[in-house]
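The sequence shown: position 77 = 383 (the working numbering), numbered continuously.
We treat Cβ as the ideally placed atom computed from N, Cα and C, and that holds for glycine.
Before any comments, here is the structure.
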Amino acid sequence: MHTNIKRSLLLLIVFDTNVLLSAIGWKGSPYHCIDLARQGRVKGLICPEILDELTKKLEQKLKFTPIQVIETIADLLSFLRLITIANTLNFLTTDPKIIWY
């Protein structure tokens with residue numbers, strides 16, 4: 307029973323293209339974040355749109371061959387959950403109290 311409670315409390319994290327690319331190319335903080343998902347300590351999520359963008363970036367920025375791209379995506383999908391985004395989030399504001407970085 308305790309295991310079920312603990313498992314349901316895992317953080318859900320959507321990994322964006324920049325985090326994934328950095329994790330694949332280098333061994334810094336993004337790599338360690340992805341590794342937490344690989345270990346099952348957090349629940350990693352990804353969507354087809356991010357996978358498409360990542361595929362392009364792997365080829366362009368890291369000069370991956372098509373085989374390397376396929377192997378990398380397959381590896382990610384072995385521990386990240388593929389989700390579908392039902393709606394588009396449009397968030398723009400002119401509120402001066404909100405500061406964008």
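Nearest by alpha-carbon distance to residue i: which of the options is it?
| i | options | result |
| --- | --- | --- |
| K367 | L318, G331, I319 and C353 | G331 |
| I319 | G334, L388 and N393 | L388 |
| G346 | L315, T390 and V375 | L315 |
| A343 | S384, T361 and I376 | S384 |
| A392 | I376, V325, I373 and E355 | E355 |
Contact check, residue i vs residue j under 8 angstroms by CB: the rounded distance?
| i | j | result |
| --- | --- | --- |
| K349 | L317 | 7 angstroms |
| T323 | E359 | 5 angstroms |
Can you check whether the CB of residue j is closer than 8 angstroms to the CB of residue i?
| i | j | result |
| --- | --- | --- |
| I352 | L327 | no |
| T378 | L357 | no |
What would DSSP say about residue i, mapped onto helix, strand or coil?
| i | result |
| --- | --- |
| V325 | helix |
| K362 | helix |
| V375 | helix |
| N347 | Residue 347 is actually Arg in this sequence, not Asn. Coil, per DSSP. |
| I330 | helix |
| H356 | The amino acid occupying residue 356 in the given sequence is Ile; His does not appear at that position. Here I356 sits in helix by DSSP. |
| L388 | strand |
| L318 | strand |
| N393 | coil |
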